[in-house]
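> Heads up: the sequence shown at position 23 corresponds to 179 in my numbering, and the numbers run straight through without jumps.
All C-beta atoms in this analysis are idealised placements derived from N, C-alpha and C, irrespective of residue type, glycine included.
None of the values given here were measured: they were computed from a predicted structure.
I have a structure here, written as structure tokens, and I will follow up with some questions on it.
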Amino acid sequence: MDVLFFLLTELRMSSPTYSPFFSDSCVSFNKGNCEPFTRLIDPCSCTKYFQCVNKEVIPRECPKGTAYDHTVPVVSSAYCTNEANIIIQQICTQDTPWARCKVTANVSDSELLKIQARCTGSTEGTTIGPLQNNSNVGAIVGGIVAGLLVVILLIAAYILYKEDMLAIPYL
157 MDVLFFLLTE LRMSSPTYSP FFSDSCVSFN KGNCEPFTRL IDPCSCTKYF QCVNKEVIPR
217 ECPKGTAYDH TVPVVSSAYC TNEANIIIQQ ICTQDTPWAR CKVTANVSDS ELLKIQARCT
277 GSTEGTTIGP LQNNSNVGAI VGGIVAGLLV VILLIAAYIL YKEDMLAIPY L
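Okay, here's the thing in structure tokens:
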């Protein structure tokens, strides 16, 4: 029986798809340290998390209207709490859920950029924080303001021109 267990363990450990480390959270986690009540942040979502079950890391999701609160004690059963409270207390923000890795796992800026890229499905960015706003609202507003200034200057020039025309005596 011990030989069979050894062979199965060796087969599993040598399999190219098996890794003793779980790397979908903020930092790489050794599955050998997977204890009951161990929960890990899903850096890509405020409502999802990972939970250790039988030395494996299983993805979980909080019920609708709740979000994962990584600040509660490990043995607490209230780790899915009101989503609005999580956002108000800035425990997790929906546009940058990976930012909590900086606080909870003390990851470096470069590691945070890698997590952000993994979560957004993009190549590694150069900034940390909310995704860039690619709208052209600023250009539109700037164009309107510039257009209004041109119209005001033309009206002022026309008024000055008319005043000068009235000031010239007719011969």
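Can you confirm whether residue 241, when its beta carbon is compared against all beta carbons of chain B, has any partner nearer than 9 Å?
Absent from the structure: chain B. Only one protein chain is present.
> From the DSSP secondary-structure annotation, give me the bridge partner or partners of residue 223.
237
> Does DSSP put residue 258 in a helix, a strand or coil?
helix
> Could you name the residues that DSSP lists as bridge partners for residue 215?
206
> Using CA coordinates, which residue listed in 311, 179, 315 is at the minimum distance from residue 214?
Answer by Cα proximity: 179.
> Roughly how many angstroms separate the alpha carbons of residue 240 and residue 258, rounded to a whole number?
22 Å
> Need the endpoints of the beta strand (DSSP E) that residue 197 sits in, please.
195-197
> Beta carbon of residue 204, beta carbon of residue 190: below 9 Å?
no
> For residue 250, does the count of other Cβ atoms within 10 angstroms reach 16, so buried, or fall short, so exposed?
exposed
> Compute the Euclidean distance between the alpha carbons of residue 112 and residue 248, then round it to the nearest angstrom.
What the structure shows of the chain is the stretch from 157 to 327, and residue 112 is not part of that stretch, so it cannot be assessed.
> Which residues in the same chain have their Cβ closer than 7 Å to the Cβ of residue 218, if we skip the five residues on either side of it in sequence?
By the criterion of a C-beta distance shorter than 7 Å, residue 218 is surrounded in its chain by 203, 224, 236, once the five residues flanking it on both sides are discounted.
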